[in-house]
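Take a look at the structure below.
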Amino acid sequence: MGVHVVTIEPSGRSFTVEEGETILGAARRAGIWLPFECGWGSCGMCKATLVEGNVKCMLPEAPALSERDQRRRRIILCQSVPESDVVLKGCTLLEEPPENLATADYRAVIAEVEELAPEVARFRLQLDRPADYRPGQYAILNLGDGLRRAYSMANLPGTREVDFIARRYPNGSGSQKLFSLSPGTELTLELPYGTAYLRETSRPLVFIAGGTGIAPILAMTREWASNGGRTGKSLTIFYGARTPEDLVCLEELQQLTGSFPQAQVIPVVNEGGAGWSGEVGFVTDALLGRLAEPWDEYEFYMAGPPVMVQSVLKLLEEEGRGVSITQVHYDSFG
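Take the sequence shown: its letters are residues 995 to 1328, numbered as in this note's numbering.
What follows is the structure, given as structure tokens:
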């Protein structure tokens, strides 16, 4: 493959892309900022038209790519690796990074792997320098062999440590690779990505986590608590998982919020079993049963599997609730 040149029309700006690099990453490393948000093929912010040349898409099933895009030779730069010199159009050149997305490359070493539940672990990485991000954002880890996976930071920024909470999936090549790495392993990562971080608002806050989506919710709860409960704003956290054993970090959430009377943590499981006295069902069931109306007074933050996020979004969009999309912030993975 070798090194290829990408040219952006009509500006004529160009930059080189090393073998295996994505166009978006190479542009950033060349000091050229292009629109982006998720870095993962979900948002479509980095779409461009391929005028000349060929690229390989690292994630052909990316949600942002439609059949119509493919017919029109529209590509997503965050997942496109050049196979020849390339000419693009439809890219807006930015003078600086998008707000809170000054994404940068970091070198890291795995410092600790802590088992939290069967097939769930916390990975603590030591970076080459302090990390700059907003709680709720995520990183893309380069796991080797072309594998790139997104994981949310569970801790606060400003130090050289970042924590990720991950589940190992039987058929997940990315998670299998991550869980095969032991302390001392070196890797690289890019951060931050995503816009599901806390906004300044006078509304009460509702956090909703599913599975390992607890990682960004935990980080935002830390930020909320470190700011004195965000100057008194109430916080209700719904945390869903399959079984009580899968509610990893529940005690951490409860400790973070325990000294704030305006905070409440509501765990909910699909399968309660003997000894479980909490909510049983889905997160949507708990929302309907425990969240006071009117819902349009809240600011919602969600992280978890796509099926959970879509179910909650559908609930919020139902007629009569009046929850504006501007009051809802989410990432659908984990």
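The beta-carbon is built from N, C-alpha and C at its ideal position, and this holds for glycine as well.
All values reported here derive from a predicted model rather than from experimental measurement.
The DSSP assignment places complete alpha helix (DSSP H) segments of no fewer than 4 residues inside the segment 1148 to 1220 at 1167 to 1174 and 1208 to 1220, in order along the chain. Residue environment for Trp-1034: buried (at least 16 other C-beta atoms within 10 angstroms of its C-beta). For Arg-1068, the enclosing beta strand (DSSP E) starts and ends at 1068 to 1070. Taking a contact to require three or more Cβ pairs closer than 8 Å, the segment 1202 to 1217 and the segment 1140 to 1156 qualify as touching. The C-beta distance from Leu-1028 to Leu-1119 rounds to 27 Å, too long to meet the 8 Å contact threshold. Beta-carbon to beta-carbon, Pro-1210 and Ala-1297 are separated by about 5 Å, close enough to satisfy the 8 Å threshold. Exposure of Ser-1078 is indicated by the presence of fewer than 16 other C-beta atoms within 10 angstroms of its C-beta. Measuring C-alpha to C-alpha distances from Ala-1235 to each of Val-1277, Leu-1247 and Pro-1129 identifies Val-1277 as the nearest.
The residues Lys-1227, Ser-1228, Leu-1229, Thr-1230, Glu-1291, Tyr-1292 and Glu-1293, in chain order, have a CB closer than 8 Å to that of Pro-1198 in the same chain once the five nearest residues on each side in sequence are set aside. Membership of Asp-1099 in the beta strand (DSSP E) is indicated by the continuous run 1098 to 1111.
Taking all protein chains shown into account, Glu-1273 has 16 or more neighbouring C-beta atoms within 10 Å of its C-beta and is therefore buried. Pro-1124 is a Cβ neighbour of Arg-1154, given a cutoff of 7 Å. Under the three-state reduction of DSSP output, Lys-1308 falls in the helix class.
For Gly-1138, the enclosing beta strand (DSSP E) has its first and last residue at 1132 to 1138. Rounded to the nearest angstrom, the Cβ distance from Val-1011 to Ile-1017 is 6 Å, consistent with a contact under 8 Å. Counting the other Cβ atoms within 10 Å of the Cβ of Ile-1319 gives fewer than 16, which makes it exposed. Ser-1196 and Ala-1042 have their alpha carbons spaced roughly 38 Å apart. Leaving aside the five residues that flank Val-1200 on each side, the residues in its chain whose CB is nearer than 6 Å to its CB run, in chain order, Thr-1230, Tyr-1292 and Phe-1294.
Between the beta-carbon of Val-1156 and that of Leu-1121 there is about 6 Å, and that keeps the pair under the 8 Å contact cut. Cα atoms of Lys-1308 and Val-1322: separation of roughly 12 Å, rounded to the nearest angstrom. Within the same chain, Leu-1310, Arg-1315, Gly-1316 and Val-1317 come within 8 Å of Trp-1289 by CB-CB distance, once the 5 residues on both sides are set aside. Going by beta carbons, Asp-1099 and Glu-1180 fall outside the 7 Å limit. Boundaries of the alpha helix (DSSP H) around Ile-1017: 1017 to 1023. Taking C-beta atoms as the reference points, Ala-1115 and Val-1107 count as a pair closer than 7 Å.
In terms of Cβ geometry, Phe-1232 and Ile-1208 do not form a close pair [threshold 7 Å]. The beta carbon of Val-1080 is closer than 6 Å to those of Val-1000 and Gly-1047 in its chain, skipping five residues each way along the sequence.
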